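Under UniProt numbering, the letters of the sequence shown match residues 1 to 695, in that order. Structure first, commentary second.
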Amino acid sequence: MTELPLKTVDLETNSDDSVFIPEVAKHVTKKKRQDLQGIRGIAIISVLCFHFLPSEFPNGYLGVDQFFVLSGFLMCMLLRRSSTSLKSENFRSSVIPFAFDFYIRRLKRIVPLYLLIILISVLALFYIFPDTAYETNISSGKRALVFMSNRATTQEEDYFSMLAIAVDIFTHTWSLSVEVQFYLIIPILFIIGFKTLSDEFQVHFYVLLSAISLVYSYCFCTETQAFNSVFARVWQFNIGIILYLLTEPKKISTDEYSLLIESENSPTYKKTIKCIMLISIIWIVSYPVAYPSAILRPIVTISTGILMFLSENDGILSSHTLTYVGDLSYSLYLIHWPLYAYWKLVLSDGSICNTYLLLVLLISILAAVLSYECYEKWYLKLSNKSLMILCGILLVLNAGTLFKDKLNFDSLSQNSTRLDGIINGKVSFELAEKLNHDWSINDFKNLNVPSCDYETGNGPLGWCRHKELNGKYKLMLIGNSWAANHGRIIYEECQNSSKSILQGSSQGCDPLYNSPEATHCTGTVAKYRKGVVNEKPEFLFITTKFNSVGDPMPTGVTQIKDDPIYRAMRRHTDILAENVKYKLFLLKPLPHIDGEKVKDIVGMVKQREDLKEFDKVLIKRSSDLARRRYDQLFKDCKKCVSIDYMPLLWNSTTDYWRLYDENNSGLTYVTSPNHLSPHGLELVRNIYTEICRTL
Numbered sequence: 001m002t003e004l005p006l007k008t009v010d011l012e013t014n015s016d017d018s019v020f021i022p023e024v025a026k027h028v029t030k031k032k033r034q035d036l037q038g039i040r041g042i043a044i045i046s047v048l049c050f051h052f053l054p055s056e057f058p059n060g061y062l063g064v065d066q067f068f069v070l071s072g073f074l075m076c077m078l079l080r081r082s083s084t085s086l087k088s089e090n091f092r093s094s095v096i097p098f099a100f101d102f103y104i105r106r107l108k109r110i111v112p113l114y115l116l117i118i119l120i121s122v123l124a125l126f127y128i129f130p131d132t133a134y135e136t137n138i139s140s141g142k143r144a145l146v147f148m149s150n151r152a153t154t155q156e157e158d159y160f161s162m163l164a165i166a167v168d169i170f171t172h173t174w175s176l177s178v179e180v181q182f183y184l185i186i187p188i189l190f191i192i193g194f195k196t197l198s199d200e201f202q203v204h205f206y207v208l209l210s211a212i213s214l215v216y217s218y219c220f221c222t223e224t225q226a227f228n229s230v231f232a233r234v235w236q237f238n239i240g241i242i243l244y245l246l247t248e249p250k251k252i253s254t255d256e257y258s259l260l261i262e263s264e265n266s267p268t269y270k271k272t273i274k275c276i277m278l279i280s281i282i283w284i285v286s287y288p289v290a291y292p293s294a295i296l297r298p299i300v301t302i303s304t305g306i307l308m309f310l311s312e313n314d315g316i317l318s319s320h321t322l323t324y325v326g327d328l329s330y331s332l333y334l335i336h337w338p339l340y341a342y343w344k345l346v347l348s349d350g351s352i353c354n355t356y357l358l359l360v361l362l363i364s365i366l367a368a369v370l371s372y373e374c375y376e377k378w379y380l381k382l383s384n385k386s387l388m389i390l391c392g393i394l395l396v397l398n399a400g401t402l403f404k405d406k407l408n409f410d411s412l413s414q415n416s417t418r419l420d421g422i423i424n425g426k427v428s429f430e431l432a433e434k435l436n437h438d439w440s441i442n443d444f445k446n447l448n449v450p451s452c453d454y455e456t457g458n459g460p461l462g463w464c465r466h467k468e469l470n471g472k473y474k475l476m477l478i479g480n481s482w483a484a485n486h487g488r489i490i491y492e493e494c495q496n497s498s499k500s501i502l503q504g505s506s507q508g509c510d511p512l513y514n515s516p517e518a519t520h521c522t523g524t525v526a527k528y529r530k531g532v533v534n535e536k537p538e539f540l541f542i543t544t545k546f547n548s549v550g551d552p553m554p555t556g557v558t559q560i561k562d563d564p565i566y567r568a569m570r571r572h573t574d575i576l577a578e579n580v581k582y583k584l585f586l587l588k589p590l591p592h593i594d595g596e597k598v599k600d601i602v603g604m605v606k607q608r609e610d611l612k613e614f615d616k617v618l619i620k621r622s623s624d625l626a627r628r629r630y631d632q633l634f635k636d637c638k639k640c641v642s643i644d645y646m647p648l649l650w651n652s653t654t655d656y657w658r659l660y661d662e663n664n665s666g667l668t669y670v671t672s673p674n675h676l677s678p679h680g681l682e683l684v685r686n687i688y689t690e691i692c693r694t695l
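Here is the structure:
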């Protein structure tokens, strides 16, 4: 019985995404497994549907899980191809070249386009995206640059992403981070299995690792941790690895080859299973009802593995259209999300779908085609040296844009006597425009209070205790981000009256009432209540931007005292008052502004436009009902004292709010993310000077 050699060949020059099948003498043509590109095409379509129409395709995120299985298959193929270099006689000296060859092959495929998209996204962030997107995206861009986008977010990062005007344009890079991190460990695992186990037991080795990873994911991780952790994803990569080991080309006899051909050409139960797997995957990712990922993820992952095992030469998966979508998948994945983020921030107008969304999808596809045909194919043909130079240039350009502040803005300098840095009073229109812009893009940074020792992380949210106090009273400051917004000014004015100041701020959650629909605020009221009970301050400040407190009263309710929201506020305030020795100072609500209009303020003042009409456009949500509830609270709570900025921000001529300094070139009192600007804080400083003087 003669043996026939099996060969593997590339279809595309220098493409490590080619998946090889055996050639038996002259009977089998050289080809790439196009069916796997078809599966890749299904995966990217699923992801696009999930991102662009999340309510209609809530399970489409599972396309990323399919990518992980495909990546595991490809990694194993590359490692097995290079394994001949791991010779026993010079094993130690061959390990480093072996690993280096693997890293070069994978990174040359991923990095050039990845770095280019990051660079273009950052430049767009500077010149096209709204100012309010700047702060959070610079931070996430830095993590994306070093493949750390899957790192668990801190409280402040969670908060900023909750702002309606803040969308992270690098969110989608988390999956690339997981994959690159797996690259770091897979050569080690492969070498252990390759050198210590036979081919048969290597499969068992990866099955064991998969079981450990799966148990870790389900038993020792929260849902978020399981989503982001590379160790919780190892089992998905390993399914691809196991699949390759089971289908790896081997030398076969002519008789075995005849049986193989007969088996492939005969209609068997395998074809039925293949169809079931394909239909199941498509049905799950397109089903309009969301199901727990803990259930769907293993189903889709394992189904994808079975489909890959059986789908070779499948007519549907190997169709030209589907495989071309698979070819575009990497460009399409990287390109579509920043474009979608721009739509969400600028073009959506609060809707979940409009004509612009379709336009953004079409632009994403067109850009992906151009990227694949003109850039990907070009750089994949470059030599390693040329590719390294290209990546080096892109890396330097990215570092230059991400790690150097765009405007070199010194945020709330500790050496400045005024928070806004204005010493000579009047400023020019040009400087006012620059300051308004700077205050908005650095808004989140400015919430950090230098005098506060934060319990976790570097702030600015959560609990912190102020230091270097010289007084006799125990103070406490709580609220949502407005507590952090006011932290420095309250510290500076009350420093000499206080022996202790405890500050607590949360992610857009009110300490008196939060709607049941605000699920991210569950437990916030109880958290603050516990903090006040434990601290027992003599004076309590509550500074909050209203959210649920401004919600409409239920149908049929006409009196504030009968309003369920007010009753909840009153109940929680009474509990707080019982644990405060002297007084509770509560800030009355201010209206919400349209953050996008802040950039227009200086121009309107400069051109002497109709400011009355502009004031109405500037305000996005009225605070009238929230203020009525607070007015009733001040009547019913004997310890409660009102802090009201309305006399300072109300224009008596127009009988309306004026949230900017028309007498000083239009300096804004409120930033785009709806916090008081440094100029606004200076406007209200005297209120706290007087309060702290009379404690």
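Every residue, glycine too, gets a C-beta built ideally from N, C-alpha and C. Note that the structure is predicted; figures quoted are calculated from it, not measured.
- What whole-angstrom Cβ distance do Pro673 and Thr132 have, given they're in contact under 8 Å? That pair is a contact at about 6 Å.
- Message: Would Asn448 and Ser677 qualify as a contact pair, given that the criterion is a beta-carbon distance under 9 Å?
- Response: The answer is no: Cβ separation not under 9 Å.
- Query: Which runs of the alpha helix (DSSP H) spanning at least 4 residues fall entirely within the region 281 to 327, listed in chain order?
  - Reply: You should have 293 to 310.
- By DSSP, does Leu86 sit in helix, in strand, or in coil? Looking at Leu86 - three-state DSSP - the assignment turns out to be coil, as it is neither helix nor strand.
- Report the residue ranges of all alpha helix (DSSP H) runs contained in full by the region 473 to 515; include only those spanning at least 4 residues, in chain order. Within the region 473 to 515, the complete alpha helix (DSSP H) segments of 4 residues or longer fall at 481 to 494, listed in chain order.
- In the structure shown, what three-state DSSP assignment does Cys452 receive? Under the three-state reduction of DSSP, Cys452 is assigned to strand.
- Message: I need the straight-line Cα distance from Thr456 to Ser229, nearest angstrom please.
- Response: Separation of Thr456 and Ser229 (C-alpha to C-alpha, rounded to the nearest whole angstrom) is 21 Å.
- Message: Within 8 Å, do at least three Cβ pairs link the region 682 to 695 to the region 605 to 622?
- Response: With a cut-off of 8 Å, the region 682 to 695 and the region 605 to 622 do not count as touching, because too few Cβ pairs lie within range.
- Item | Contacts around Ser500, its chain only, beta-carbon distance under 6 Å, and the 5 residues preceding and following it disregarded | Lys474, listed in sequence order.
- Using 8 Å as the Cβ pair cut-off and three pairs as the minimum, do the region 360 to 372 and the region 324 to 336 touch? Between the region 360 to 372 and the region 324 to 336, the count of Cβ pairs shorter than 8 Å is three or higher; the stretches touch.
- Message: Assuming Gly459 is part of the alpha helix (DSSP H), what are its boundary residues?
- Response: Premise fails: Gly459 is in no alpha helix (DSSP H) and is neither H nor E.
- Message: Measuring alpha carbon to alpha carbon, tell me which residue in Val346, Ile241, Pro288 and Leu540 is nearest Ile302.
- Response: In terms of CA proximity to Ile302, Ile241 leads the group Val346, Ile241, Pro288 and Leu540.
- Query: Hey, quick one: how far does the beta strand (DSSP E) through Cys353 stretch, first residue to last?
  - Reply: Segment: none, Cys353 is in no beta strand (DSSP E) and carries neither H nor E.
- Query: Based on the DSSP output, what are the partners of Tyr660 in its beta bridges?
  - Reply: Beta-bridge partners of Tyr660 (DSSP): Thr668.
- Quick one: Cα of Pro338 to Cα of Ile44, how far? For Pro338 and Ile44, the distance between alpha carbons rounds to 16 Å.
- Determine the extent of the alpha helix (DSSP H) in which Val47 is found, giving its start and end residues. Element bounds for Val47: Gln34 to Phe52.
- Message: Between the alpha carbons of Glu578 and Leu659, how many angstroms are there, rounded?
- Response: Answer to the nearest angstrom: the Cα atoms are 36 Å apart.
- Message: I believe His592 touches Lys620 by the beta-carbon criterion, under 8 Å. Please report the beta-carbon distance rounded to the nearest angstrom.
- Response: Going by Cβ atoms, the distance from His592 to Lys620 rounds to 5 Å, so yes, they are a contact pair.
- Are the region 56 to 64 and the region 272 to 289 touching by the rule of at least three beta carbon pairs closer than 8 Å? Counting Cβ pairs under 8 Å, three or more are found: they touch.
- Query: Can you tell me the Cα-Cα spacing of Leu431 and Glu223, whole angstroms?
  - Reply: When rounded, the separation of the alpha-carbon atoms in Leu431 and Glu223 is 47 Å.
- Task: Within the same chain, show all residues whose beta-carbon is closer than 7 Å to that of Val670, passing over the 5 residues directly before and after it, in chain order.
- Result: Closer than 7 Å at Cβ, skipping near neighbours: Ile593, Leu659, Leu676, Ser677 and Gly680.
- Proximal residues to Val346 (C-beta, below 7 Å), its chain only, five neighbours per side dropped: Closer than 7 Å at Cβ, skipping near neighbours: Pro130.
- Task: List the whole-angstrom C-beta distance separating Ser451 from Gly471, where the pair is believed to meet the contact cut-off of C-beta under 8 Å.
- Result: Incorrect: roughly 14 Å between the Cβ atoms, too far for contact.
- CA-CA distance, Leu667 and Lys142? When rounded, the separation of the alpha-carbon atoms in Leu667 and Lys142 is 31 Å.
- Item | contact_flag[the region 107 to 123, the region 564 to 580] where n(CB pairs < 8 Å) is 3 or more | Too few Cβ pairs lie closer than 8 Å, so no.
- Query: Going by the beta-carbon positions, is the gap between Cys49 and Val285 smaller than 9 Å?
  - Reply: Going by beta carbons, Cys49 and Val285 fall inside the 9 Å limit.
- Since Ser481 and Leu461 are thought to touch, with beta carbons under 8 Å apart, how far apart are those beta carbons, to the nearest angstrom? At roughly 7 Å, the Cβ-Cβ gap stays under 8 Å, so Ser481 and Leu461 are in contact.
- Item | Ser198 - containing alpha helix (DSSP H), residue span | Looking at the DSSP string, Ser198 is not in any alpha helix (DSSP H), and its letter there is neither H nor E.
- Query: Looking only at DSSP bridge pairs, what is His336 linked to?
  - Reply: For His336, DSSP records no beta bridge to any residue.
- Item | 8 Å contact criterion, which Gln507 and Ser318 should meet: CB distance rounded | Taking a contact as a CB-CB distance under 8 Å, the pair Gln507 and Ser318 does not count as one, their CB atoms being some 48 Å apart.
- Skipping 5 residues on each side, what residues in its chain have a beta carbon closer than 7 Å to that of Phe52? Excluding positions up to five away in sequence, the list reads Tyr340, Leu357 and Leu361.
- Task: Indicate the three-state DSSP secondary structure (helix, strand or coil) for Phe167 in the structure shown.
- Result: Here the sequence assigns Val to residue 167, which means Phe is not the residue at that position. Coil at Val167, not helix or strand.
- Message: Less than 9 Å between the C-beta atoms of Gln495 and Glu538, yes or no?
- Response: Here Gln495 is not near Glu538, since their CB atoms are 9 Å or more apart.
- Message: Does the contact criterion of 3 or more C-beta pairs under 8 Å hold for the region 36 to 43 versus the region 322 to 329?
- Response: Cβ pair count under 8 Å is three or more, so yes.
- If Ile239 and Met277 are in contact, beta carbons under 8 Å, what's the gap, nearest whole angstrom? The Cβ separation is near 13 Å, so there is no contact.
- Give the C-beta separation of Ser177 and Asn150 to the nearest angstrom, bearing in mind that I take them to be a contact with Cβ-Cβ under 8 Å. With a Cβ gap of about 4 Å, Ser177 and Asn150 count as contacting.
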